[in-house]
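Residue numbers (our numbering): 5 to 357.
This is the structure in C-alpha cells:
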C-alpha cells in the first residue's frame, strides 16, 4: 500500500497534477483511522509549480459509511427478490441484481431517467396499486399482488410491498419496492384449487364446486326472484364397458357423455360429474316444470344411443331426475343447505322416474 501511494505521488509531481489518496493509519493505542489526504500544486505567475498545498483529515466515519453502503448493496444483490427505489418523479434511483433478473431493470449511473424497464414497472405498479397509497400521506405502505410481464415475455404474478417515504410536509421523497416472483406458487395454488373443485377425468366441476354454484344461484334467486332447477343424470352402460372391454374404454365413455351434456346445455348452465356414471346440471332461471322437463329430455336424448369409443361402438341410455327450488325451501334453509337438498331431491326423483 505504501509503495503504491509513493508511486502515485511521484507520478502526480512529475505531471504537476493534484494528488488525492486515502490510507489507514494506526495510532499508538492500536486504533486505526482512515485519513483523507489531498495535495494541490501551487503555481507561480508563469504557471510553474513552486510547491504543494496539502491537507489531511480524519475521514473514518465517511469511510465506514461507504464500507457499510458497499456491504448493504452486496447483501441486496444477493437477494433473489427485486429491490427497487424510485424518486418522487418516478425515476430510478437504485435497482439490485434481483430487479435485473426479474424485471429487466438495470441501474446505470447517469441514465436513470431513460430506463424503459423501470418506467414500465413503475407504470404497472401505479395502475394497480390503490391511488390513495400513492397520494395520501396517511397511507405509506401497501402489500399485494401485481401482474407484470417480465423481459422474457411471461406474465408473472408478483408479491409486492411498496413503501412511500414522505417528508415532514407529506410530500413524497421516494418509493421503495420489494417484489417477489410468486408465479409458480400461484400456478400451483390454482392447480390445487382446480383439482379440489374439478373432476380429473372430464375437467368438469365436481360435487363440491357444483353445490357451491347451486348455492350461489339460490342466493341470487332470493333477490332476483329467478328460478333454480337441478337435474340429476345417471347413464347406463359404464359397468358393462368396464367389465367387457376395460376401464380405459369406460373412461373414454365418461368423457364422451360429459361433452355431449355440455353441448346440450345453455352457455350459463353448469354441468358437473359427481361420481362414476352420475352427472348433474344446474339450470338457473328455470322455474317452470314444463321447461324443466324439456331440458331433461334434451339431456337424456343427448347421451342416449351410440358412443364411438376408440373405434368401438358403445350403447348407452340415461335416467334423469328434476328438482325445482321453491320459495318455501329458500325460506327454511340457507343457500348451502338448500343446494344439498335440491341435489338429493333430484337424485330421488331420478330413481322414481
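Note that CB positions come from ideal geometry on N, CA and C, so glycine has one too.
Fair warning: this is a prediction, and the values are worked out from it, not measured in the lab.
ask   = Taking the alpha-carbon positions, what's the residue 1 to residue 151 distance?
value = Nothing can be reported for residue 1: it is not among the residues displayed for the chain, which extend from 5 to 357.
request  = Figure out for me which residue from 253, 277, 285 and 201 has the closest Cα to the Cα of residue 268.
outcome  = If you number the chain shown from 1, residue 268 lands on position 264. Residue 268 has its Cα closest to that of 285, out of 253, 277, 285 and 201.
request  = List the residues that DSSP assigns as beta-bridge partners of residue 3.
outcome  = A question about residue 3 goes unanswered here, because the residues of the chain that appear run from 5 up to 357.
message = Is the beta carbon of residue 241 closer than 8 Å to that of residue 308?
response = As a position in the chain shown, residue 308 is number 304, starting the count at 1. As a position in the chain shown, residue 241 is number 237, starting the count at 1. No, the Cβ-Cβ distance between residue 308 and residue 241 is not below 8 Å.
request  = Enumerate in chain order the residues of its own chain whose CB-to-CB distance from residue 190 is below 6 Å, with the five nearest sequence positions on each side excluded.
outcome  = What you label residue 190 is simply residue 186 of the chain shown in a count that begins at 1. If we look at residue 190 and ignore the five residues flanking it on each side, its Cβ neighbours are 161.
query = Can you tell me the Cα-Cα spacing of residue 115 and residue 18, whole angstroms?
reply = Within the chain shown, residue 115 is the residue found at index 111, counting from 1. Within the chain shown, residue 18 is the residue found at index 14, counting from 1. Low confidence applies to residue 115: its pLDDT is 48, below 50, so where it sits in the model is not reliable enough to give any reading.
key: First and last residue of the uninterrupted beta strand (DSSP E) at residue 37   = For this step, residue 37 is matched to residue 33 along the chain shown. Looking at the DSSP string, the run of the beta strand (DSSP E) that includes residue 37 is 36 to 47.
ask   = Measuring CA to CA, which of 61, 138, 254 and 304 is closest to residue 94?
value = Start at 1 with the first residue of the chain shown, and residue 94 comes out as number 90. Here the closest residue by C-alpha is 138.
ask   = Thinking C-alpha only, which one of 259, 281 and 300 is nearest residue 273?
value = If you number the chain shown from 1, residue 273 lands on position 269. The option with the nearest alpha carbon to residue 273 is 300.
task = Give the DSSP bridge partners of residue 149, in chain order.
result = Here residue 149 refers to the residue found at position 145 of the chain shown. DSSP lists 163 as partners of residue 149.
request  = Please indicate yes or no: does the CB of residue 106 lie closer than 7 Å to some heavy atom of the ligand SAH?
outcome  = Inclusion of the ligand SAH in the displayed structure is not the case, the ligand content being empty and no account of it being possible.
query = Of the choices 54, 210 and 257, whose alpha-carbon is the least far from that of residue 198?
reply = Within the chain shown, residue 198 is the residue found at index 194, counting from 1. For the residues 54, 210 and 257, the minimum Cα distance to residue 198 belongs to 210.
ask   = Who are residue 209's beta bridge partners in DSSP?
value = Here the question's residue 209 lines up with position 205 in the chain shown. Its beta-bridge partners are 202.
query = If we count the other Cβ atoms within 10 Å of its Cβ and call it buried at 16 or more, is residue 264 buried or exposed?
reply = Taking the first residue of the chain shown as 1, we reach residue 264 at position 260. It is buried - the Cβ of residue 264 has at least 16 other Cβ atoms within 10 Å.
request  = On a CA-only basis, which of 10, 193 and 226 is nearest residue 332? Give me that one, please.
outcome  = For the purposes of this step, residue 332 is taken as residue 328 along the chain shown, with counting starting at 1. Here the closest residue by C-alpha is 226.
request  = Go to residue 7, then tell me how far its alpha helix (DSSP H) extends in each direction, as first and last residue.
outcome  = Indexing the chain shown from 1 puts residue 7 at position 3. Taken as a continuous stretch (DSSP letters only), the alpha helix (DSSP H) holding residue 7 covers 6 to 18.
Sequence-distant residues of the same chain with beta carbon closer than 6 Å to residue 23, five excluded per side = Locating residue 23 in the chain shown gives position 19, counting from the first residue. Excluding sequence neighbours, residue 23 sits near 13, 16 and 43.
inquiry  = Comparing C-alpha positions only, which one of 215, 97 and 85 sits nearest to residue 187?
reply    = Working through the chain shown from its first residue, we reach residue 187 at position 183. Among 215, 97 and 85, the Cα nearest to that of residue 187 belongs to 85.
key: Ranges of the alpha helix (DSSP H) found wholly within the stretch 221 to 277, counting only runs of at least 4   = 242 to 248 and 251 to 268
query = alpha helix (DSSP H) containing residue 351: first to last residue?
reply = In the chain shown, the residue the question calls residue 351 occupies position 347. Its alpha helix (DSSP H) spans residues 339 to 356.
message = By alpha-carbon positions, which one of 228, 236 and 26 ends up nearest to residue 282?
response = Locating residue 282 in the chain shown gives position 278, counting from the first residue. Taking only the C-alpha atoms, the option nearest residue 282 is 236.
ask   = Is residue 317 helix, strand or coil by DSSP?
value = Numbered from its first residue, the chain shown carries residue 317 at position 313. Here residue 317 sits in strand by DSSP.
Identified DSSP bridge partners for residue 170 = The residue labelled residue 170 in the question sits at position 166 within the chain shown. 176, per the DSSP bridge assignment.
ask   = Ordered along the chain, which non-local residues of its own chain (more than five positions away) have a Cβ less than 7 Å from that of residue 113?
value = In the chain shown, counting from the first residue as 1, residue 113 sits at position 109. Its pLDDT being 47, under 50, residue 113 is placed unreliably by the model, and the measurement read from it follows with that caveat. Closer than 7 Å at the Cβ level, and outside the excluded window around residue 113, lies no residue.
Residue 282: first and last residue of the uninterrupted beta strand (DSSP E) it sits in = Within the chain shown, the letter at position 278 stands for residue 282. Segment 282 to 288, the beta strand (DSSP E) holding residue 282.
key: Beta carbon of residue 222 nearer than 8 Å to that of residue 343   = As a first step, residue 222 must be located in the chain shown, where it is residue number 218. As a first step, residue 343 must be located in the chain shown, where it is residue number 339. Result yes, Cβ atoms of residue 222 and residue 343 sit closer than 8 Å.
inquiry  = Out of 326, 122 and 145, which one is the CA nearest neighbour of residue 293?
reply    = Against the chain shown, residue 293 aligns to sequence position 289. Answer by Cα proximity: 326.
inquiry  = Please report the straight-line C-alpha distance between residue 219 and residue 278, rounded to a whole angstrom.
reply    = One-based indexing of the chain shown puts residue 219 at position 215. One-based indexing of the chain shown puts residue 278 at position 274. Answer to the nearest angstrom: the Cα atoms are 16 Å apart.
task = Determine, using beta carbons only, whether residue 322 and residue 253 come nearer to each other than 8 Å.
result = In the chain shown, residue 322 corresponds to position 318, counting from 1. In the chain shown, residue 253 corresponds to position 249, counting from 1. Cβ atoms of residue 322 and residue 253: not closer than 8 Å.
task = Kindly indicate which residue of 146, 159 and 185 has the alpha-carbon position closest to the one of residue 166.
result = If you number the chain shown from 1, residue 166 lands on position 162. Comparing Cα-Cα distances from residue 166 to each of 146, 159 and 185, the minimum goes to 146.
ask   = If residue 328 sits next to residue 296, beta carbons under 8 Å apart, how far is it from one beta carbon to the other, in whole angstroms?
value = The residue given as residue 328 occupies position 324 in the chain shown. The residue given as residue 296 occupies position 292 in the chain shown. The pair is a contact, with the Cβ atoms about 6 Å apart (cut-off 8 Å).
ask   = Of the residues 316, 356 and 110, which one's Cα is nearest the Cα of residue 248?
value = Walking along the chain shown from the start, residue 248 turns up at place 244. Among 316, 356 and 110, the Cα nearest to that of residue 248 belongs to 316.
inquiry  = Could you tell me the alpha carbon to alpha carbon distance between residue 261 and residue 228, rounded to whole angstroms?
reply    = Position 257 of the chain shown, counted from the start, is the residue given in the question as residue 261. Position 224 of the chain shown, counted from the start, is the residue given in the question as residue 228. Whole-angstrom Cα-Cα distance: 33 Å.
ask   = Is it the case that the Cβ atoms of residue 40 and residue 60 are separated by a distance below 8 Å?
value = Within the chain shown, the letter at position 36 stands for residue 40. Within the chain shown, the letter at position 56 stands for residue 60. Yes, the Cβ-Cβ distance between residue 40 and residue 60 is below 8 Å.
request  = Please state if the CB of residue 53 and the CB of residue 100 are separated by a distance shorter than 8 Å.
outcome  = Reading the chain shown from its first residue, position 96 is the one you call residue 100. Reading the chain shown from its first residue, position 49 is the one you call residue 53. Not closer than 8 Å, so no.
message = For residue 280, tell me which candidate among 336, 312, 46 and 205 has the shortest Cα-Cα distance.
response = In the chain shown, counting from the first residue as 1, residue 280 sits at position 276. Among 336, 312, 46 and 205, the Cα nearest to that of residue 280 belongs to 205.
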